[in-house]
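*Asks:* Sharing a structure below in structure tokens format, with a few things to ask.
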Amino acid sequence: MDDINLHYRFLNWRRRIREIREVRAVRYRERLKRMLRDGDVLRYHGNSDEVGCFVAARPLSKRNRYFEVTIIETGVRGMIAVGLVPQFYKLDHQPGWLPNSVAFHADDGKLYNGNTVGQQFGPKCCRGDRIGCGISLDGEDGQLTVFFTKNGHEVGNVEIPASPDGLYPAVGMHSLGEEVLLDLNAEWGMEEDDGQMIVDSHEEDWARLHDVKVTGTLLEYVGKGKSIVDVGLAQARRPLNTRFHYYELEITDAGEKCYIALGLARRDYPKNRHPGWSRGSIAYHADDGKLFHGSGVGDPFGPRCLEGDIMGCGIMFPRDFNIDGGDDIDDWDFDGVAKPLEVHNDLYANNEDEDEDEGEDLEGRKVMVFFTRNGKVVGRREVALPVGGFYPTIGMMSTGEKVRVDLHPLSG
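Numbering follows our numbering, in which position 106 of the sequence shown is assigned residue number 97; successive positions increment by one, without gaps.
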């Protein structure tokens, strides 16, 4: 009966995740007209009599409040606009021209706020200039403060009615040869008198960071990336529990090798080991699609993951699992002592686990760990829960790797 109930719950989870992803697939889709996109570069592709417009896939939010555009070429007239628009904005109009949109225009330095007539706002922008647009959350009820920057300095701000559906980053162009570099993951901080930058780094979400830089929700590998011991590790401050039992990452830059691993690990997991390689951990590896469970030898599990893919990991807890178990270890029902899993791959054999001799991990109840890719369940594995619980843990190991993490994607 327990197996039947577990299978039924697993099918429900698969359906719920699929439904969420289907909604997001429709909602989060970038739109562009009379423009060509090549990676992060946008180019005007019209006849200069018609506006070209790009609208990003996702709106600005509490966790992603700012974006930037760098002008590569001004083209014939430099009629480049940067701002925010509703999701289904008409793409044959410059941002800021229509109601519920606002934009800073590079050619005249004017602010357009739902009107084809602009107001003088800031300096004109030319080739090489960097234009930023962001939102501030300290506005009055029903109002949203939108600010604009040029080359890292704030130009000004304006209050507009907040949209329940969000406002989306937008770029407009209107003459031949215009070209910009788009950075939807840019971060913005206000300068203090001491010259330090204050950035909402979300570092409080992470208990351990090794060779990983946190910028907002973005994790960036900053290690050497030369050998098997150059692992960068990020481990969340809190373990998964019955309330928050699933998390995701999006591969925003695969780097040189896409040696990115998403999984769960015990609290004292060694910092120079990829999740899944050592005992008390399990992980889905993007570069080869294998599942590693306490061993340097992975099992074929799912497809490889590339830039733009979203990987997810969660736990299906038993129905009678104590929600307070993560905070009160003494309340847990431990079945015994698990022996360390032996590494069988010579490639990893010389990489000594720094905590290997500190004792064995007590393991408790069995839980079902599952992994997803782009909203679809890849597979699952029953594992023993370590003392203290399973902590979201991400590993990276090659230059240039970046991921954007959402520790609570199913909340709200």
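Note that beta-carbon positions come from the ideal geometry of N, C-alpha and C, so glycine has one too.
1. For ASN148, which three-state DSSP category applies?
2. Closest Cβ-Cβ distance between TYR212 and chain B: below 8 Å?
3. Could you pull the start and end residues of the beta strand (DSSP E) that GLN404 belongs to?
4. Find the nearest neighbour of ALA161 within the set THR65, PRO86 and LEU167, judged by alpha-carbon distance.
5. I need the straight-line Cα distance from ASP132 to PRO50, nearest angstrom please.
6. Since SER303 sits in a beta bridge, which residues does DSSP pair it with?
7. In three-state terms, what does DSSP make of GLU178?
8. Helix, strand or coil: which one does DSSP assign to ASP196?
9. Would you mind stating whether THR208 and ARG54 have Cβ atoms separated by less than 8 Å?
10. What are the boundary residues of the beta strand (DSSP E) that includes MET388?
11. Assess contact between the region 299 to 315 and the region 272 to 289, defined as three or more Cβ pairs (one per stretch) separated by less than 8 Å. Is contact present?
12. Using only the alpha-carbon positions, how far apart do LYS115 and GLY100 sit?
13. Applying the 10 Å Cβ sphere with the 16-neighbour rule, what's the burial state of VAL222?
14. Nearest-angstrom Cα distance between VAL396 and PRO152?
15. Please name the residue or residues paired with ASN104 in a DSSP beta bridge.
16. Consult DSSP for ARG257 and reduce its assignment to one of helix, strand or coil.
17. Determine the direct distance from the alpha carbon of TRP88 to that of VAL108, and round the result to whole angstroms.
18. For VAL149, collect the residues of the same chain with a Cβ closer than 7 Å to its Cβ; drop the 5 residues on either side in sequence, then sort them by chain order.
19. With distances taken Cα to Cα, identify the nearest neighbour of VAL203 among LEU175, GLY370, MET388 and GLY123.
20. Check whether the Cβ atoms of ALA225 and TRP197 lie closer than 8 Å to each other.
21. Apart from the five residues on each side of it in sequence, which residues of its chain come closer than 6 Å, Cβ to Cβ, to LEU240?
22. Is the separation between the beta-carbon of PRO400 and that of TYR238 shorter than 8 Å?
23. Rounded to whole angstroms, what is the Cα-Cα separation between GLU169 and ASN142?
24. Using a 10 Å radius around the Cβ and a threshold of 16 neighbouring Cβ atoms, would you call ARG364 buried or exposed?
25. By the DSSP assignment, the beta strand (DSSP E) with SER127 in it spans what residues?
26. Specify the secondary structure class of LEU173 as computed by DSSP and reduced to three states.
27. DSSP state of ILE8, grouped into three classes?
28. Given this structure, state the Cα-to-Cα distance separating ARG372 from ILE273, to the nearest angstrom.
29. Helix, strand or coil, according to DSSP, for LEU2 in the structure here?
30. Kindly identify the DSSP beta-bridge partner or partners of THR136.
31. What number of angstroms, rounded off, separates the C-alpha of VAL374 from the C-alpha of GLU247?
32. Would you mind sorting SER166 into buried or exposed? The rule is 16 or more other CB atoms within 10 Å of its CB.
33. For GLY125, which residues from the same chain have a beta carbon less than 6 Å from its beta carbon, with the 5 sequence-adjacent residues on both sides left out?
34. By how many angstroms is the C-alpha of GLU194 removed from the C-alpha of MET307?
35. May I ask which residues mark the beginning and end of the beta strand (DSSP E) holding ALA277?
36. For the beta strand (DSSP E) containing LYS53, list its first residue and its last residue.
*Replies:* Let's see:
1. Per DSSP, reduced to three states, the secondary structure at ASN148 is strand.
2. No chain B is part of this structure, which consists of one protein chain only.
3. Since the displayed the chain opens at -8 and closes at 403, residue 404 lies outside it and no answer follows.
4. Measuring from the Cα of ALA161, the nearest candidate turns out to be PRO86.
5. If I take the Cα positions, the gap works out to 19 Å.
6. Just to set this straight, residue 303 is Gly in the shown sequence, not Ser. Beta bridge pairing from DSSP links GLY303 with GLU239 and THR363.
7. In the structure shown, GLU178 sits in coil (DSSP, three-state: anything other than H, G, I, E or B).
8. In this structure, DSSP gives ASP196 a helical state, which the three-state scheme calls helix.
9. Yes.
10. MET388 -> no beta strand (DSSP E), and no H or E assigned at all.
11. Enough Cβ pairs lie closer than 8 Å, so yes.
12. Our two residues, LYS115 and GLY100, have alpha carbons roughly 4 Å apart in a direct line.
13. It counts as buried.
14. VAL396 and PRO152: Cα-Cα distance of roughly 29 Å.
15. In DSSP, ASN104 forms a bridge with VAL93.
16. When secondary structure is reduced to three states using DSSP, ARG257 falls in the coil class, being assigned neither helix nor strand.
17. Rounded to whole angstroms, VAL108 to TRP88 spans 8 Å at the Cα level.
18. Counting only Cβ-Cβ distances below 7 Å, and skipping sequence neighbours, we find VAL93, LEU102, ASN104 and VAL137.
19. Comparing Cα positions, the closest option is MET388.
20. Here ALA225 is near TRP197, since their CB atoms are less than 8 Å apart.
21. Leaving aside the five residues that flank LEU240 on each side, the residues in its chain whose CB is nearer than 6 Å to its CB run, in chain order, LEU253, MET302, VAL394 and VAL396.
22. Yes. Within cutoff.
23. Whole-angstrom Cα-Cα distance: 19 Å.
24. Counting Cβ neighbours within 10 Å, ARG364 comes out buried, since at least 16 surround it.
25. Start and end: 121 to 127.
26. Here LEU173 sits in strand by DSSP.
27. Residue state, collapsed to three classes: helix.
28. If you take the alpha carbons of ARG372 and ILE273, they lie about 9 Å apart.
29. Here DSSP, grouped into helix, strand and coil, assigns LEU2 to helix.
30. SER127 and GLU150.
31. One C-alpha to the other measures close to 32 Å.
32. By the beta-carbon neighbour count (other beta carbons within 10 angstroms, threshold 16), SER166 is buried.
33. Here the set comprises ARG56, TYR57, PHE138 and TRP179.
34. Answer to the nearest angstrom: the Cα atoms are 27 Å apart.
35. Neither: ALA277 is in no beta strand (DSSP E) and is coded neither H nor E.
36. No beta strand (DSSP E) holds LYS53; DSSP gives it neither H nor E.
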